[in-house]
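First up is the structure itself, then whatever we jot down about it.
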Amino acid sequence: MKKRDAALAFDGAERISEGDAEAFKCAGCGANMRYEPSAQKLVCDHCGSEVDIAADTNVTERDFSELEEHRWAEAGLKTVRCDNCGATETVKGDEIATVCPFCSSPLVLEEHCFDGVKPDSLIPFSLDRQKGLEACKKWLKKRFFAPSKFKKNINVNTIRGVYYPVWTFDSTTDTVYAGRLGKTYTTTRRDSKGNTHTEVKVRYFNVSGTRRNYFDDVTVNGGAFVSDKNLSKLQPFPQNRYVVYSSEFLAGFFANNYTVDPYTAFKTAEDRMRETIRRQIIASYNADVVDYLNMSMNHVGKSFKYMLMPVYITATKYRDKLYNQYVNGCTGKITGSAPVSPLKVSVVSLLGAAVIAGVVLLLKFFGIAFGRFFQSR
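First residue of the sequence shown: 13, per our numbering; consecutive thereafter.
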């Protein structure tokens with residue numbers, strides 16, 4: 013990944029401490045400022061002032077020995093846990109109460125506070141909440157079986173911006189391998205009765221060698237509240253928007269704390285690296301069959317980043333069940349779940365049954381008509 017240098021400027025906003033908290037006060041009126049994705053600035057809703065943020069894009073990876081060096085507490089933030097769903101959120105230290113973005117339950121921020129490792133970098137939101145809502149509504153429009161009442165409940169007050177945790181790993185690997193692969197081929201023979209028989213056979217061959225691979229930003233889910241499947245559907249998150257972590261981008265947003273530790277995440281990344289190398293080896297020999305393939309992978313160098321990705325989340329209850337939709341805060345890609353209306357399913361089923369019955373009757377009618385026609389001849 014290319015590294016670029018830039019300065020972080022806050023002209024017009026005053027950074028002040030509030031106990032253990034850090035806030036960004038408007039120089040004009042003294043109100044709290046928030047990060048506005050569409051403008052990529054800090055804005056004041058009270059007097060309309062705006063402050064440019066020149067983000068630091070010098071994003072670098074870290075060695076594993078640095079894992080415990082930086083903590084959330086240093087950022088003037090605190091981490092709290094939702095008693096209802098167990099999600100952990102990181103918020104400004106001066107906040108007293110808020111709502112969990114995953115289940116919409118109230119969070120009392122004075123409970124369950126604990127420190128955690130602070131992120132190295134993040135991708136700032138570039139879509140505002142209204143754009144996130146529009147993407148969500150467009151997606152729901154395509155869910156024909158979703159109840160109309162549920163769709164109407166999705167509004168700007170139900171969508172929340174969350175910086176979601178991921179681990180990314182870079183590595184250069186050397187792999188020694190040996191195995192027995194095969195290619196399929198067909199043979200044709202004719203038996204004594206003149207019948208032709210085709211058989212598929214495998215021609216095996218031994219392979220061995222070494223392979224060097226370069227892996228950049230192998231991304232592993234760092235949380236437990238967006239499934240691997242849903243997170244995969246939201247990707248890619250644009251690498252050219254990486255910036256060094258700064259709490260200014262969190263103003264007005266949630267930050268979900270990681271629940272997957274970096275060592276566990278790295279094992280997942282290693283499994284993906286091995287699978288990639290395995291596929292490449294097999295493809296390099298144009299093999300169709302694998303009898304066995306032994307590999308020994310070693311890391312020549314490895315590093316990591318703890319990152320926050322921008323995700324808009326809706327949490328809507330329908331008939332006592334919670335449904336979430338997730339929107340990529342940069343690209344607008346969306347995935348999630350929605351309820352199914354039994355009435356709509358019943359109507360479509362009845363219509364389908366009626367169509368099938370109609371087709372059967374028509375076929376029967378034409379069959380009788382054709383039969384009589386040929387009998388008359």
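Using N, Cα and C, we set each Cβ at its ideal position, and we do this for glycine too. Since we're looking at a predicted model, the values are computed, not measured.
Give me the residue from Pro351, Thr343, Pro322 and Met321 with the minimum Cα distance to Lys392.
The requested residue 392 is not part of the displayed model; the chain covers only 13 to 389.
Compute the beta-carbon to beta-carbon distance between Ile289 and Ala147, rounded to the nearest angstrom, for a pair I have assumed lies under 8 Å.
By one-based count along the sequence shown, residue 289 stands at place 277. By one-based count along the sequence shown, residue 147 stands at place 135. Incorrect: roughly 37 Å between the Cβ atoms, too far for contact.
6 Å Cβ shell around Asp229 - same chain, five flanking residues per side excluded
Here the question's residue 229 lines up with position 217 in the sequence shown. The residues are Thr180.
On the three-state DSSP scale, how would you describe Phe137?
In the sequence shown, the residue the question calls residue 137 occupies position 125. Phe137: coil per DSSP, three-state reduction.
Could you tell me which whole alpha helix (DSSP H) segments of length 4 or greater appear in the segment 226-309?
240-246 and 274-296
Neighbourhood of Ala51 by C-beta, 7 Å cutoff - its chain only, sequence neighbours within 5 removed
Against the sequence shown, residue 51 aligns to sequence position 39. Contacts found: Glu62.
Three-state class that DSSP yields for Lys317 in the structure shown:
Start at 1 with the first residue of the sequence shown, and residue 317 comes out as number 305. Strand, per DSSP.
May I ask you to report which of helix, strand or coil DSSP gives Gly348?
Here residue 348 refers to the residue found at position 336 when the sequence shown is read from its first residue. DSSP places Gly348 in strand when its eight states are reduced to three.
Answer with buried or exposed for Glu287, where buried requires no fewer than 16 other C-beta atoms within 10 angstroms of its C-beta.
For this step, residue 287 is matched to residue 275 along the sequence shown. By the 10 Å Cβ count, Glu287 comes out exposed.
How big is the Cα-Cα spacing for Gly42 and Thr170?
Locating residue 42 in the sequence shown gives position 30, counting from the first residue. Locating residue 170 in the sequence shown gives position 158, counting from the first residue. If you take the alpha carbons of Gly42 and Thr170, they lie about 28 Å apart.
Within 10 angstroms of its Cβ, does Thr187 collect 16 or more other Cβ (buried), or is it exposed?
Counted from its first residue, the sequence shown places residue 187 at position 175. When all chains shown are included, Thr187 counts as buried.
Option in Ala190, Arg172, Thr280 and Tyr275 with minimal Cα separation from Ile294:
By 1-based counting over the sequence shown, the position of residue 294 is 282. Among Ala190, Arg172, Thr280 and Tyr275, the Cα nearest to that of Ile294 belongs to Ala190.
Whether Tyr270 touches Pro177 by CB criterion (9 Å):
Numbered from its first residue, the sequence shown carries residue 270 at position 258. Numbered from its first residue, the sequence shown carries residue 177 at position 165. Yes.
Hey, out of Asp203, Asn218 and Phe217, whose CA is closest to Glu211's CA?
Walking along the sequence shown from the start, residue 211 turns up at place 199. Of the listed residues, the one whose Cα sits closest to Glu211 is Asp203.
Given a threshold of 16 other Cβ atoms within 10 Å of its Cβ, counted over all protein chains shown, does Thr326 qualify as buried or as exposed?
Here the question's residue 326 lines up with position 314 in the sequence shown. Buried: at least 16 other Cβ atoms inside 10 Å.
May I have the straight-line CA-CA distance separating Glu78 from Val129, to the nearest angstrom?
Walking along the sequence shown from the start, residue 78 turns up at place 66. Walking along the sequence shown from the start, residue 129 turns up at place 117. Approximately 10 Å between the Cα atoms of the pair.
Report the rounded CA-to-CA distance for Thr199 versus Lys213, giving the unit in angstroms.
Within the sequence shown, numbered from 1, the residue matching residue 199 stands at position 187. Within the sequence shown, numbered from 1, the residue matching residue 213 stands at position 201. Straight-line Cα distance between these residues: approximately 8 Å.
Opening and closing residue of the beta strand (DSSP E) in which Lys333 lies
Mapped onto the sequence shown, residue 333 falls at position 321. Segment Lys333 to Asn340, the beta strand (DSSP E) holding Lys333.
Buried versus exposed call for Cys59 [16 or more other C-beta atoms within 10 Å across all chains shown]:
As a position in the sequence shown, residue 59 is number 47, starting the count at 1. Burial call: exposed.
Using 9 Å as the threshold, is the C-beta distance between Pro49 and Phe156 below it?
Position 37 of the sequence shown, counted from the first residue, corresponds to residue 49. Position 144 of the sequence shown, counted from the first residue, corresponds to residue 156. No, Cβ-Cβ distance for Pro49 and Phe156 is not below 9 Å.
So, are the CB atoms of Arg172 and Phe265 less than 9 Å apart?
Counting from one through the sequence shown, the residue named residue 172 turns up at place 160. Counting from one through the sequence shown, the residue named residue 265 turns up at place 253. Cβ atoms of Arg172 and Phe265: closer than 9 Å.
With DSSP as the reference, please indicate the residues paired to Pro131 in a beta bridge.
The residue you call residue 131 lines up with position 119 of the sequence shown. Answer by DSSP bridge pairing: none, since Pro131 is not bridged.
Run through DSSP, which three-state label would Phe76 get?
The residue you call residue 76 lines up with position 64 of the sequence shown. Phe76 falls in the helix class under three-state DSSP.
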